[in-house]
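Worksheet: one structure, shown below.
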Amino acid sequence: MVDITMNGEDITVEDGKTVLHAARDNDIYIPTLCNHSELSPYGGCRLCLVKIEGFRNYVPACTTPVSDGMVISTSEEGLNDLRKGILELILSEHPSSCIVCDERDECLELHGESTKAGRITGCRFCPNRRSCDLFDVVEKIEFNDFRIPVEYKELPLHRADPFVQRDMSICILCGRCVRVCEEIRGVGAIATVHRSHDTTIGTAFDQPLTDSGCVFCGACLDVCPTGAISSKTTRWAGVPDETVTSNCGMCSNGCRAVMQFKWGKFTNVEPVQDGDNWGQVCLRGRFASVTTVNSPMRLEYPKVRTGDIQQPVNWEKALDAVVEGLKAYSPDEIGVVASPFMTSEDAFLLQKVFRSIGCENIATASKMIGPLQMAWRGQVDRITSIGTRDDIDDADAILIVGSDLSLDNPVLQTRVHKAAEKGARTFIVTEHPHNAYRGADVLEEPCPTGLMEDVIAALDSAGSCEGCSGDGDHEGGWAGTIAHTLMAAERPVIMLGQEPFAVEEDGVAVSSLILKLFKAVSGKALLILWDGPNVQGLMGSACVPGIGLDGELLKEAGPNKPPLGDGIKALLLTEPVSDIPDGVEFVAYMGPYPFDGIERADVILPTCTYADSVGTIVAMDRLVGSIETRARPPTMAKRDFQVLMDLGGRLGAEGLSNIEDPYDISTSTFVDYHIGKHIKEMDVSADCGPVDPSSPVNPAGKWISGPLRYRGLDITEASEDLGAVVRKWGWTE
Amino acid sequence: MAEDLKVQIERAEEVWNTLQAKGDVIYLGTASCGIAAGIRQVSEAITEHLSTGDRDVELVEVGCIGMCCFEPMIYVQTGAKAPVVYGGLEPKDIPKLLDGVYGGDYENDHLLGVIGDGFDGLQSIYDHPMVAPQKRIITENAGLSDPVDIDHYLARGGFKGLERALSMTPDEVVDEVLRSGLRGRGGAGFPTGRKWALCRAAEGAPKYMICNADEGDPGAFMDRSILEGDPYRVIEGMIIAGYAIGCDEGIFYVRAEYPLAIERLEICMAEAEKRGFLGNNILGTDFSHQLTIKKGAGAFVCGEETALMASIEGKRGMPRPRPPFPAQKGLWGKPTNINNVKSVSSVPSILRAGADWYAAVGTDSTTGTAVFCITGKINHTGLIEVPMGITLKEIVEDIGGGVANGRSFKAVQTGGPSGGCLPADKLDLTVDFESLTAAGAIMGSGGMVVMDDENCMVDVAKFFISFTQYESCGKCPPCRIGTKKMKDLLEKITVGKGEDGDLETLERLASTVKAGSLCALGGTAPNPVLSTIRYFRDEYEAHIKDKVCPAKACRELIAYTIDAEKCTGCTLCARNCPTSCIEGETKEAHVIDTDACVKCGMCITSCRFDAVHKIDSPPSQCADEGQGGGD
């Protein structure tokens, strides 16, 4: 601790803090535009200049660390004039009528209602939605004296990029976007370009963002103080009338995010500043989500088949048709598919309704569960990630197999980057190497089985190997290098992505090898990057064959049989399947989107997305999150929960009488669930002993899942921009 | 090891003495300046002329002696006599000159003096008015020896400083430099010894030593001349600094626009390593030091030390605030010491001759010598080295030979775009860091531009602010936007659109830029504006109030006219006029059509009778108003 004097007051500050931090901790206001809590100090905007005794010139508070006995003045006449002078310079180029207009106070209410023009032309058309740092600073330091000529930059708009529009004419060059891109995301797609008065933020050689390595995480627009970088998907939506912090339901990372709504419509997603996702979201969670949820393809009406026509009907008739359809079959002939996009409560309710009528043929639409069950049973007692994402932070070696993180769990890359910066050597083995994290050694490998075998084989010699620091020149090539790095590491972290699970056998083989490797190198964490946001939750909701309600592998053969197997004549799908067997006579589909093969459905029940539902989801490392959203479902669509309750009632399911809302299920069933906490640690090093090999596993290979799907919908259809991006990255489904 | 050095020096002296005693040698001034002035062509003429005779003449390329106004120069050595310097040569002068010299007639229009004692009635070059007041320490070898011949350097006392340094402890070396009073020659004047001590004491390894040769001031070429003329001196200084600080890696940051300097440095580094002065176990000691060259891409701001380090790291050359200082966290986050070429070059002499010897040169507060490039409207332009404490008057009038073309002195600008303009009544100022700063100029890195009554001070201020504005990295608003606004205002004033209050706005902007900028580029950028306002306010006011340019330099405010009395009607001006706006019959007075005139000045330059003049011509409002008048 050091003692300093600030504005005449003696205060004690933690050593190593900057003058700016010290001031903020003591409620002393120092204006700043370039400073950001998550980013390295920059000292560029010059508004935080303070006077420190002993220094010849004013110094920036944001970069100057406190030292004992420092005497600081944050506000005195010369300093205030200087700040106003600097602010005047900034405003002389920034269309700032919203700040200095005579009628400003009268129209403040209308600020940011919507961006009605592509380019900012004055107070009304700023893409910034009432969150302008520049405006705040002007208010705080009471600037109102304009004396130098105003001249806007009038640079051309960048509107050709996917998702984002850049208007560098309103940029004040605080450099936050460049720093967040480089420091937090490890991407470096944008930089300060040109010099002198022509300095601006741009890409190398003014390439489009798709060519600059941009991952479209949108971190730059989160930190932009003026709206120079804005989201195309939301710039027309105006200021939200409702916001709620909820979980994103796109991938298994389980990011908390601020969901924004206007007039009942889902309009935008912004990150939670200090959540488990480090104040970050990604291109799917932020951009594609809005267009996906608001997609014109959403199912709006319940429908029942009459002949060849699926006729819109009311809910009563639709539900009756389901009950009537199912009653024609014995429970044993009915198959039920649970969607990994459902909440745990909905999934629990789904299996409860059908188990109560005697149907046990329930499975989850995940490609990954089955192969992992086959490969891991007998060795672990639960199919789950080992360790948590926090283990990445202090990892000293990282191996990612079967994912490039750019689409399936992009936010994890921020942690990988941080660890890599601290020295963790990182390997990414993927079939999509084009946009993988640039701080890693990226190996293009459509099927990693061979490489994994080589790595395990190289483990024996790795202990005695010397001088393998070079890239890939280790004895045994990359396999040797990976083996040695993992062996030498004290806290290696391994991640398993969904790519190898496209083929069931590969999935089984890689799962088995990964666990073996993990044990051999005494890994710190083994993270399974599930192919759906709530796969982990569905395993705890008894929707997976061979896994009990608490998520434990069943030691004895359970009664389940595959819902798409022989003898199934009626199906209830909550997630589309690629190929409905010919033997199936009756299909009821509940979900928000149509799919290839929906013409087979006898009844269609339109349901909701994560933007219009409520419930719990469990992320890949068992982090519990909640969906708590406010969007109005389209026309007649209902939440899964409501549909299942109504259906359960009609089918005569028992035990539903004491359930009124989803959280009645969570509190009674998922007692370990606490939002924002990891479900209790599970020890995999203790073998769980033999599991009955005839015990069923989740059927693999028939599910439509992948990072480009949301409840079966190809989200590149809902978001053209996403399509453009992934095609550029070389993705084909 | 000492034996080895002794042997090397003996051999080097032999080489040098042989050259001195040789019958016929012609030394060619072959720095960039000489090359630009045409030494290559002169050299060809010499070779061609000699090929006709049977004299065995050796040609030796040497660096720049600093008398730029006399380039291209050769020194002719005959019969073991001291070389005689001839300047201002053209290839056609060579046959007559050489025939004369070899016939024993040394005197001709090109004669400048003898390098060494005069003979046969010839004056020593050291008595030449441009050279006499100088004190050559850093430039002692420049122009006198082959810059890349290590033997020449050794024979002239080279590496003796390093030898002495290695016989001392690093702390003693730091102390020696501290006691010498050497202050950083990059502009700020921070004591070099203190800088070294800070870096030496800093925790962290490895440490880096950087030589800042990113010289970018308009009209300044001291560093280039030193690197081209005596590269071994800079290398020796770097090694000594490395030893004192405790670092084994040194980096030359040289701008890529100095290809000859880079080429010579590369040759000399290789040669020094071969001779055991550089690399592992220098002179048989445990001390090892590696040197590398990093070429700068030509951004002025990269001369700022934090931007320079960012540039070496491969990042955009933008400065960052200090603290942390480079000595704490510099290149790659490690303790780093950065010194200007001239500071580094002073070190070998300090170590060789001792701190007391060096401290005796110059003034109490600023010891040693200052290297300036004097340019502008002056008779003797060139690179000079003078003891600190000399007056500006001595530099301008004695060394510089006074203002050229018989015009009158108006101002001297020191310190380049960061410096200021001093008027005639400040010529008695002594040259040292404090007095120049107090007067509103700065010592800077050594540019000195002399201006006469034809220079408009508003225009000069505009020139310098345009330079800094263009060279701003764009990181901080005061520099990025402030200098632009200042430039715009000056532009407005020079075209006659100045208004009341513009000067005050200019001063207000200047103070914002000065106090608000992140680095010294912005922090000093307003100096040329502020100093010209301070000393030449009347010129600004003439522009703003009367719309006239007293120096008749601002094109928008003047017109060209022909004095009918003086005009002989020779038609030369009319024939040279690019817009054919001069009319008149042969042998009758000509007239300029001012509407069509583009004010290029061709008529003035072509007139042999001094009949064309510039007159005040405030921009007429009639162009706007007259037509609207309707009568």
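Going down the list, the sequences are from chains A and B.
Here this note's numbering = 1-based position in the first sequence + 2.
Here this note's numbering = 1-based position in the second sequence + 2.
Just so it is clear, CB atoms sit at the ideal spot from N, CA and C, and this is done for glycine as well.
Taking the CB atoms as reference points, tell me whether Gly120 of chain B and Gly68 of chain B lie closer together than 8 angstroms. Looking up residue 120 of chain B in the second sequence gives position 118. Looking up residue 68 of chain B in the second sequence gives position 66. Contact: no.
Roughly how many angstroms lie between the CA atoms of Gly229 of chain A and Gly177 of chain A, to the nearest whole one? Within the first sequence, numbered from 1, the residue matching residue 229 of chain A stands at position 227. Within the first sequence, numbered from 1, the residue matching residue 177 of chain A stands at position 175. If you take the alpha carbons of Gly229 of chain A and Gly177 of chain A, they lie about 13 angstroms apart.
By DSSP's criteria, Arg641 of chain A is part of a beta bridge. Which residues make up the other side? Sequence index remark: in the first sequence, residue 641 of chain A carries index 639 (1-based). Answer is none; Arg641 of chain A lacks a bridge partner.
Considering just the uninterrupted stretch of the beta strand (DSSP E) at Ala399 of chain A, what are its terminal residues? As a first step, residue 399 of chain A is located in the first sequence; it is residue number 397 there, counting from the start. Element bounds for Ala399 of chain A: Ala399 to Val403.
Less than 8 angstroms between the beta carbons of Gln415 of chain A and Leu407 of chain A, yes or no? Position 413 of the first sequence, counting from 1, holds the residue named residue 415 of chain A. Position 405 of the first sequence, counting from 1, holds the residue named residue 407 of chain A. Their beta carbons are under 8 angstroms apart, which means Gln415 of chain A touches Leu407 of chain A by this criterion.
With a cut-off of 8 angstroms on the beta carbons, I'd call Thr247 of chain A and Val274 of chain A a contact; round off their distance for me. As a first step, residue 247 of chain A is located in the first sequence; it is residue number 245 there, counting from the start. As a first step, residue 274 of chain A is located in the first sequence; it is residue number 272 there, counting from the start. Yes, Thr247 of chain A and Val274 of chain A are in contact; Cβ-Cβ is about 6 angstroms, under 8 angstroms.
Integer-rounded CB distance, given that Leu267 of chain B should sit under 8 angstroms from Phe635 of chain B: Here chain B covers residues 3 to 633 and nothing more, so residue 635 of chain B does not appear.
In chain order, which beta strand (DSSP E) runs of at least 3 residues are fully inside the region 268-343 of chain A? 305-308, 311-314 and 336-340
Contacts of Cys304 of chain B in chain A (Cβ-Cβ under 8 angstroms): Position 302 of the second sequence, counted from the first residue, corresponds to residue 304 of chain B. Per Cβ cutoff of 8 angstroms: no residues; Cys304 of chain B is ~11 angstroms from chain A at best.
Tell me the DSSP secondary structure of Arg322 of chain B in three-state form. Position 320 of the second sequence, counting from 1, holds the residue named residue 322 of chain B. Here Arg322 of chain B sits in coil by DSSP.
Would you say Leu511 of chain B faces chain A, with C-beta separation under 8 angstroms as the test? The residue given as residue 511 of chain B occupies position 509 in the second sequence. Yes, because at least one Cβ of chain A sits closer than 8 angstroms to the Cβ of Leu511 of chain B.
Does the Cβ of Lys276 of chain B have 16 or more other Cβ atoms within 10 Å, making it buried, or fewer, making it exposed? For this step, residue 276 of chain B is matched to residue 274 along the second sequence. Per the 10 Å Cβ criterion, exposed.
My output table needs one value for Leu498 of chain A: the three-state DSSP class, helix, strand or coil. In the first sequence, residue 498 of chain A corresponds to position 496, counting from 1. Leu498 of chain A: strand per DSSP, three-state reduction.
Integer Cβ distance of Met489 of chain A from Leu461 of chain A, believed to fall under 8 angstroms: As a position in the first sequence, residue 489 of chain A is number 487, starting the count at 1. As a position in the first sequence, residue 461 of chain A is number 459, starting the count at 1. That belief holds up - the Cβ atoms of Met489 of chain A and Leu461 of chain A are roughly 6 angstroms apart, short of 8 angstroms.
Please report the distance separating the alpha-carbon of Leu114 of chain B from that of Lys209 of chain B. Taking the first residue of the second sequence as 1, we reach residue 114 of chain B at position 112. Taking the first residue of the second sequence as 1, we reach residue 209 of chain B at position 207. Roughly 47 angstroms separates the two Cα atoms.
C-beta contact flag for Phe374 of chain B and Met459 of chain B at 8 angstroms: On the second sequence, residue 374 of chain B is found 372 positions in, with the first residue counted as 1. On the second sequence, residue 459 of chain B is found 457 positions in, with the first residue counted as 1. Their beta carbons are not under 8 angstroms apart, which means Phe374 of chain B does not touch Met459 of chain B by this criterion.
Do Pro328 of chain B and Glu307 of chain B have their CB atoms nearer than 8 angstroms? Start at 1 with the first residue of the second sequence, and residue 328 of chain B comes out as number 326. Start at 1 with the first residue of the second sequence, and residue 307 of chain B comes out as number 305. Yes, Cβ-Cβ distance for Pro328 of chain B and Glu307 of chain B is below 8 angstroms.
Measuring only the C-alpha atoms, how far is Tyr104 of chain B from Val343 of chain B? Indexing the second sequence from 1 puts residue 104 of chain B at position 102. Indexing the second sequence from 1 puts residue 343 of chain B at position 341. In a straight line, the C-alpha of Tyr104 of chain B is about 40 angstroms away from that of Val343 of chain B.
Assuming Ser615 of chain A and Arg634 of chain A form a contact by the criterion Cβ under 8 angstroms, report the distance between their Cβ atoms to the nearest whole angstrom. Residue numbering aside, residue 615 of chain A sits at position 613 when the first sequence is read from its first letter. Residue numbering aside, residue 634 of chain A sits at position 632 when the first sequence is read from its first letter. Not really, about 12 angstroms apart at Cβ, beyond 8 angstroms.
Whose CA, out of A:Asp243, A:Ile549, A:Glu423 and A:Ile677, lies closest to the CA of Asn270 of chain A? What you label residue 270 of chain A is simply residue 268 of the first sequence in a count that begins at 1. Per the Cα distances, A:Asp243.
Whole-angstrom distance between Met376 of chain A and Lys557 of chain A, CA atom to CA atom: As a working mapping, residue 557 of chain A is identified with position 555 in the first sequence. As a working mapping, residue 376 of chain A is identified with position 374 in the first sequence. Near 13 angstroms, if we compare the C-alpha coordinates of Met376 of chain A and Lys557 of chain A.
Can you find the residues in the same chain that come closer than 7 angstroms, C-beta to C-beta, to Trp731 of chain A, ignoring five residues on each side of it along the sequence? As a working note, residue 731 of chain A is residue 729 in the first sequence. Result list for Trp731 of chain A: Ser408, His434, His436 and Asn437, in chain order.
Just grab the DSSP bridge partners of Thr377 of chain B for me. The residue given as residue 377 of chain B occupies position 375 in the second sequence. DSSP output for Thr377 of chain B lists B:Val451 as bridge partner(s).
Within the 8 angstroms Cβ cut-off, does Leu1 of chain B reach chain A? No statement about residue 1 of chain B is possible, as the shown extent of chain B runs from 3 to 633 and does not include it.
Please name the residue or residues paired with Ala527 of chain A in a DSSP beta bridge. Against the first sequence, residue 527 of chain A aligns to sequence position 525. Paired residues: A:Val495.
With distances taken from CA atoms, which of A:Leu285, A:Ala323 and A:Arg440 is nearest Gly725 of chain A? Working through the first sequence from its first residue, we reach residue 725 of chain A at position 723. Answer by Cα proximity: A:Leu285.
Own chain residues within Cβ distance below 6 angstroms of Gln381 of chain A, not counting five before or after: Your numbering for residue 381 of chain A matches position 379 in the first sequence. Only Asp689 meet the Cβ criterion.
Buried or exposed (CB count within 10 angstroms, at least 16 for buried), Gln262 of chain A: Locating residue 262 of chain A in the first sequence gives position 260, where the first residue counts as 1. Label assigned to Gln262 of chain A: buried.
Does Ala259 of chain A come out as helix, strand or coil in the three-state DSSP assignment? The sequence position of residue 259 of chain A within the first sequence is 257, counting from 1. It is a strand residue.
Do we get a CB-CB distance below 8 angstroms when we pair Glu16 of chain A with the residues of chain B? Locating residue 16 of chain A in the first sequence gives position 14, where the first residue counts as 1. So, not an interface residue.
Let me check one thing: in DSSP terms, what residues is Val398 of chain B bridge-paired to? Along the second sequence, read from residue 1 onward, the residue named residue 398 of chain B stands at position 396. According to DSSP, Val398 of chain B bridges with nothing at all.
Contacts around Ile380 of chain B, its chain only, beta-carbon distance under 8 angstroms, and the 5 residues preceding and following it disregarded: Working through the second sequence from its first residue, we reach residue 380 of chain B at position 378. Correct list, in chain order: Val398, Gly402, Gly403, Gly404, Val405, Ala406 and Val452.
Which whole-angstrom value describes the C-beta separation of Ala63 of chain A and Cys50 of chain A, a residue pair presumed to lie in contact below a C-beta threshold of 8 angstroms? Against the first sequence, residue 63 of chain A aligns to sequence position 61. Against the first sequence, residue 50 of chain A aligns to sequence position 48. About 4 angstroms; that satisfies the 8 angstroms criterion.
Residues bridged to Gly115 of chain B (per DSSP): Position 113 of the second sequence, counted from the start, is the residue given in the question as residue 115 of chain B. B:Val87.
Compute the Euclidean distance between the alpha carbons of Glu656 of chain B and Leu574 of chain B, then round it to the nearest angstrom. Since the first residue shown for chain B is 3 and the last is 633, residue 656 of chain B is missing from the structure and cannot be characterised.
Under DSSP, the alpha helix (DSSP H) around Phe350 of chain A begins and ends at which residues? The residue given as residue 350 of chain A occupies position 348 in the first sequence. Segment Ser346 to Ser358, the alpha helix (DSSP H) holding Phe350 of chain A.
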